[in-house]
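S.K.: For the protein sequence lines, the chains are A and B, in the order given.
For the first sequence, position 114 (counting from the first letter as 1) is numbered 396 according to our numbering, and the numbering increases by one without interruption.
For the second sequence, position 158 (counting from the first letter as 1) is numbered 440 according to our numbering, and the numbering increases by one without interruption.
For reference, the structure I am asking about is given below.
2 protein chains.
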Amino acid sequence: MKIDAVDFFYLSMPVVTDAGDGSQDALVVRLSAGGHIGWGECEASPLVSIAAYVCPMSHGACRPVADSVLGRSLASPADIALIAADLELNSMDLLQAAHTFSGIEMAMWDVLGRARGEPVWRMLGYKRAYPKTPYASMLFGDNPTDTLAAARGAVAAGFRAIKCGWGPFGRSTLAADADQLHAAREGLGPDGILLVDAGQIWRDDVEAAALRLPMLAEVKATWLEEPFLAHAYEEYGALSKRGSIALAGGEGAHNVFMARHLIDYGHPGFIQIDCGRIGGIGPAKQVADYAVAKGVNYVNHTFTSHLALSASIQPFAGLADHKICEYPISPKSVAVDLADSQILPDANGEIVLPYGPGLGIAASPEGMRPYLVDVEIRAKGRTLYTTPSLN
Amino acid sequence: MKIDAVDFFYLSMPVVTDAGDGSQDALVVRLSAGGHIGWGECEASPLVSIAAYVCPMSHGACRPVADSVLGRSLASPADIALIAADLELNSMDLLQAAHTFSGIEMAMWDVLGRARGEPVWRMLGYKRAYPKTPYASMLFGDNPTDTLAAARGAVAAGFRAIKCGWGPFGRSTLAADADQLHAAREGLGPDGILLVDAGQIWRDDVEAAALRLPMLAEVKATWLEEPFLAHAYEEYGALSKRGSIALAGGEGAHNVFMARHLIDYGHPGFIQIDCGRIGGIGPAKQVADYAVAKGVNYVNHTFTSHLALSASIQPFAGLADHKICEYPISPKSVAVDLADSQILPDANGEIVLPYGPGLGIAASPEGMRPYLVDVEIRAKGRTLYTTPSLN
């Protein structure tokens, strides 16, 4: 079969705030091939990612993403890799291309799986999808009281692991950070898995991050996530040597090289990959293989919908020992409504990927409709993009 | 003074081909502050870079570039660095942001220099702008005969150094590549500096690149440029050890980390930075300082206008020993006409940056007018961008 059409749907909450909550808008991709429909989702700026799909060519190495995708043969996973490789050269100078392509690549796996009647994880070579322990991923509250309440809420909802991140953490005093951490631990209880996400706040300042290591040890945090900018591999490496707490990072990786370099030079205990940014499921699986070889734990990065969640778990679905899995606990309604189903924890508090074909979760046109953003892009006398019909 | 306005002008040739010729379109930035006008140029997809300036916010770490720029105080180079640092966190998840910001950052230096009556290189701490030896940067011809003629043309125009790149090189047989290289050397003569640009064609295939090392040695090439993808640092490192020819690379760097990592892990002899991609002049100067410390030669990457050429030479203007400088020999007319003046070789065949304030070269509204692309971007019921007036 051939790729006949690719459509982008920009969805948004009516109001988007400057909170570090990535579920406030979404970019859903619908791909048609051989009479089948596949879905994907970019974890990226919707408007900019759409522009990268439709933009006029600037030269041979700065072509729109569409040029590497439309009309291409799609008969096997090898075809997906071939298209991805062509894109790397065709759109070498188009920085946004990796983010745009990520959702398309997911949709290719989905459509291929649906055509074959196979789940994606099986096409990746896994024999089964192992249960994962979801951690409730949430933002720090504006104050310790709110953080305590949120942590208690996650425990009441059945979670044994939580991650608190962003918000005021790292932006004020050491004492304020310590209060936040103790509130999170108190709400979670002494035995739960506590993860902490600094959201790159210390940039490349190893000392500023190191000042928080004792308090992180005190609350028995399992990891400190993204202390530094995405490319600051050496700073990760320097901090890794300073304390006993494992580092986590990698969500900013927009290609396999970046994830590998973070592993090799930053020595994190956990490598976190967002399939909606790294170029999709294929490159994420390469990182998972590399992580296994290097003794690093692979974890998905997901702060959006369960369509994105399914895609981001596929690459490590078959790794029984890579157990922890990010799970957005309170996404905005757009992220819930856009998918036709949800991946819910079972009685053991664990989640398992669907055994249905493709991603096992589709986008819901009716669910998306209330959030659909009207977009029009015109250049060089042509209309390059208008919001397509959901029907 | 404060940044009052930033305008983007997308310029294009009437026809854009898939040749590896980056001068076929341009994105010019006009920045107004305190009654002064500064100019910059992004070496990037114009439409996508504009979209990254105006896009709706997705969340606190995925904001449009405009949010970090408009209304900001601009009194010193430190203010420019502060704005750049804020952008890194505010637009952390907006991949295109670095390309968009690059032209804005140049325009900040330009406007600051014009307000102070100082050239940019002096604000960077250099006492003088040393002459550079320009190399004529051209594409390989479709066949060796065309390459020979182009090389002879460059010599006739007074160039002592040429770079041939892209086109058929690396895409066919070893014999065809050897023929191209010998044609270039023959046209240049035995004493000229011959540089070869592979345009990432071997991706991460060290063996494929290594097969060309003997023929490169035979024609006495000074460097082999971009054998691999921009992030393939280890592959650069592996090839560096395999032969005596120096490697060159770095034009794909969209932050200082990438350039430093290429130097540290790829061991190139030459680090090539495009100020229109790495975030502007400030980060490029950081790379130049790093290159000096590591004994690596800094070279500008420029395949567009002389406005971009001026910006890209500023960061190493004061480094007397870093002599070679990329100089586009046959850019498309848009790249010539958009600037109000050109940097021409003197009687010694050398070029020197203007001593006028700022970049010393401004964009020419009248020169840009015939190439101006009409663009309109609408989303969420608002017009986010329409092509601004050149007046």
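Even for Gly, the Cβ is constructed at its ideal location relative to N, Cα and C.
When you compare the CB of S587(A) with every CB in chain B, is at least one pair closer than 8 Å?
M.R.: The sequence position of residue 587(A) within the first sequence is 305, counting from 1. Closer than 8 Å: no.
S.K.: What does the Cβ neighbour count give for V297(A), buried or exposed, with the cut at 16 atoms within 10 Å?
M.R.: In the first sequence, counting from the first residue as 1, residue 297(A) sits at position 15. Classification of V297(A): exposed, given that the 10 Å Cβ count is below 16.
S.K.: Is V298(A) close to chain B? Criterion is C-beta to C-beta, closer than 8 Å.
M.R.: Within the first sequence, numbered from 1, the residue matching residue 298(A) stands at position 16. Taking Cβ atoms only, chain B reaches closer than 8 Å to V298(A), which makes this a yes.
S.K.: I need the straight-line Cα distance from E500(B) to I475(B), nearest angstrom please.
M.R.: Walking along the second sequence from the start, residue 500(B) turns up at place 218. Walking along the second sequence from the start, residue 475(B) turns up at place 193. Roughly 13 Å between the two C-alpha positions.
S.K.: Under 8 Å by Cβ, that's how I've got L340(A) and S327(B) pegged, so tell me the actual separation to the nearest angstrom.
M.R.: By one-based count along the first sequence, residue 340(A) stands at place 58. By one-based count along the second sequence, residue 327(B) stands at place 45. Note that residue 340(A) is Ser in the sequence shown here, rather than Leu. Contact between S340(A) and S327(B) holds: CB atoms are separated by about 5 Å, below the 8 Å threshold.
S.K.: If you run the structure through DSSP and keep just helix, strand and coil, what is M374(A)?
M.R.: If you number the first sequence from 1, residue 374(A) lands on position 92. Of the three classes helix, strand and coil, the one that applies to M374(A) here is coil, per DSSP.
S.K.: Three or more beta-carbon pairs under 8 Å between the region 644-654 of chain A and the region 287-296 of chain A, yes or no?
M.R.: Touching, yes, given that three or more Cβ pairs across the two stretches are closer than 8 Å.
S.K.: Take every Cβ of the region 433-441 of chain A, pair it with every Cβ of the region 393-407 of chain A, and state whether three or more of those distances are shorter than 8 Å.
M.R.: By the Cβ rule, the region 433-441 of chain A does not count as touching the region 393-407 of chain A, because fewer than three pairs are nearer than 8 Å.
S.K.: Anything in the region 543-568 of chain A with a Cβ closer than 9 Å to a Cβ of chain B? List those residues in chain order, please.
M.R.: H543, D546, Y547 and R559
S.K.: Could you tell me which whole beta strand (DSSP E) segments of length 3 or greater appear in the region 541-585 of chain A?
M.R.: 552-555 and 579-582
S.K.: What three-state label does DSSP hand R664(B) in the structure shown?
M.R.: Position 382 of the second sequence, counting from 1, holds the residue named residue 664(B). R664(B): strand per DSSP, three-state reduction.
S.K.: Does E489(A) pass the burial test, meaning 16 or more other C-beta atoms within 10 Å, or should it be called exposed?
M.R.: The sequence position of residue 489(A) within the first sequence is 207, counting from 1. Exposed.
S.K.: To the nearest angstrom, report how far apart P472(B) and A480(B) are at their CA atoms.
M.R.: To locate residue 472(B), count along the second sequence from 1; it is residue 190. To locate residue 480(B), count along the second sequence from 1; it is residue 198. Looking at the two C-alpha atoms, the distance is approximately 22 Å.
S.K.: Strictly under 8 Å for the Cβ-Cβ distance: is D286(B) near chain A by that measure?
M.R.: Taking the first residue of the second sequence as 1, we reach residue 286(B) at position 4. It does not: the Cβ of D286(B) has no partner Cβ on chain A nearer than 8 Å.
S.K.: Leaving out five residues on either side along the sequence, give the residues of the same chain with a beta carbon under 7 Å from the beta carbon of W484(A).
M.R.: For this step, residue 484(A) is matched to residue 202 along the first sequence. Hits under 7 Å: G452, A490, A491, P509 and F510.
S.K.: Distance cutoff 8 Å, beta carbons only. Does N537(B) sit that close to anything in chain A?
M.R.: The residue given as residue 537(B) occupies position 255 in the second sequence. Closer than 8 Å to some Cβ of chain A, the Cβ of N537(B) qualifies, so yes.
S.K.: Within 10 Å of its beta-carbon, does P496(A) have 16 or more other beta-carbons around it, so buried, or fewer, so exposed?
M.R.: By one-based count along the first sequence, residue 496(A) stands at place 214. Classification for P496(A): exposed.
S.K.: Using 8 Å for Cβ pairs, my map puts A608(B) next to S355(B). What's the rounded Cβ distance?
M.R.: Along the second sequence, one-based indexing puts residue 608(B) at 326. Along the second sequence, one-based indexing puts residue 355(B) at 73. The sequence given here has Glu at residue 608(B), not Ala. Wrong, their Cβ atoms sit about 34 Å apart, outside the cutoff.
S.K.: Is there contact between the region 552-572 of chain B and the region 528-540 of chain B, where contact requires at least three CB pairs shorter than 8 Å?
M.R.: Taking 8 Å as the limit for Cβ pairs, the verdict is that the region 528-540 of chain B does touch the region 552-572 of chain B.
S.K.: Could you pull the DSSP bridge partners for H341(A) from this structure?
M.R.: The count along the first sequence starts at 1 and reaches residue 341(A) at position 59. Partner(s): C344(A).
S.K.: Based on the DSSP output, what are the partners of E608(A) in its beta bridges?
M.R.: For the purposes of this step, residue 608(A) is identified with residue 326 of the first sequence, where counting begins at 1. E608(A) pairs with Y417(A).
S.K.: Starting from E500(A), trace the alpha helix (DSSP H) in both directions and tell me its first and last residue.
M.R.: The count along the first sequence starts at 1 and reaches residue 500(A) at position 218. Looking at the DSSP string, the run of the alpha helix (DSSP H) that includes E500(A) is L495 to E500.
S.K.: Quick test of the definition: if touching needs 3 or more C-beta pairs under 8 Å, does the region 377-387 of chain A touch the region 374-381 of chain B?
M.R.: yes
S.K.: First and last residue of the alpha helix (DSSP H) that includes V330(A)?
M.R.: One-based indexing of the first sequence puts residue 330(A) at position 48. Here the alpha helix (DSSP H) through V330(A) covers P328 to V336.
S.K.: Quick one, which residues of the region 370-381 of chain A are near chain B if we go by CB-CB under 8 Å, in chain order?
M.R.: E370, L371, M374, D375, L376, L377, Q378, A380 and H381
S.K.: Of all Cβ atoms in chain B, is any one closer than 8 Å to the Cβ of A599(A)?
M.R.: Your numbering for residue 599(A) matches position 317 in the first sequence. It does not; no Cβ of chain B falls within 8 Å.
S.K.: Taking a cut of 9 Å between CB atoms, which residues from the region 327-340 of chain A lie near chain B?
M.R.: S327, P328, L329, V330, S331, I332, A333, A334, V336, C337, P338, M339 and S340
S.K.: Keeping to the same chain, check which residues put their C-beta closer than 7 Å to that of Y335(B); ignore five residues upstream and five downstream.
M.R.: If you number the second sequence from 1, residue 335(B) lands on position 53. Contacts found: F290, P346, V347, A348 and T382.
S.K.: Please list the segments of the beta strand (DSSP E) lying wholly inside the region 450-489 of chain B, counting only runs of 3 or more residues, in order along the chain.
M.R.: Counting only runs of 3 or more residues that sit fully inside the region 450-489 of chain B, the beta strand (DSSP E) segments are 475-479, in chain order.
S.K.: Could you list which residues in chain A have their beta carbon closer than 9 Å to that of L511(B), in chain order?
M.R.: The count along the second sequence starts at 1 and reaches residue 511(B) at position 229. Chain A residues near L511(B): E370, L371, M374, N537 and F539.
S.K.: Nearest CA to the CA of S314(B): which residue from G342(B), A397(B) and A360(B)?
M.R.: Within the second sequence, numbered from 1, the residue matching residue 314(B) stands at position 32. Ranking G342(B), A397(B) and A360(B) by Cα distance to S314(B) puts A397(B) first.
S.K.: For I659(B), go through chain A and note every residue whose CB falls closer than 7 Å to its CB, in chain order.
M.R.: For the purposes of this step, residue 659(B) is taken as the residue at position 377 of the second sequence. Neighbours of I659(B) on chain A, chain order: I659.
S.K.: Whose CA, out of I285(B), C324(B), P416(B) and G304(B), lies closest to the CA of P627(B)?
M.R.: By 1-based counting over the second sequence, the position of residue 627(B) is 345. Nearest option by C-alpha distance: P416(B).
S.K.: I'd like the list of long-range same chain contacts for A366(B), defined as Cβ closer than 8 Å, with 5 residues on each side in sequence excluded.
M.R.: In the second sequence, residue 366(B) corresponds to position 84, counting from 1. If you ignore the 5 residues before and after A366(B), its C-beta comes within less than 8 Å of the C-beta of F383, E387, G561, G562, G564 and P565, all in its own chain and listed in chain order.
S.K.: When DSSP builds the beta bridges, which residues end up paired with E325(A)?
M.R.: If you number the first sequence from 1, residue 325(A) lands on position 43. Beta-bridge pairing by DSSP links E325(A) to no other residue.
S.K.: Does the beta-carbon distance from F288(B) to L352(B) come in below 8 Å?
M.R.: Numbered from its first residue, the second sequence carries residue 288(B) at position 6. Numbered from its first residue, the second sequence carries residue 352(B) at position 70. Going by the sequence as given, residue 288(B) is Val instead of Phe. Going by beta carbons, V288(B) and L352(B) fall inside the 8 Å limit.
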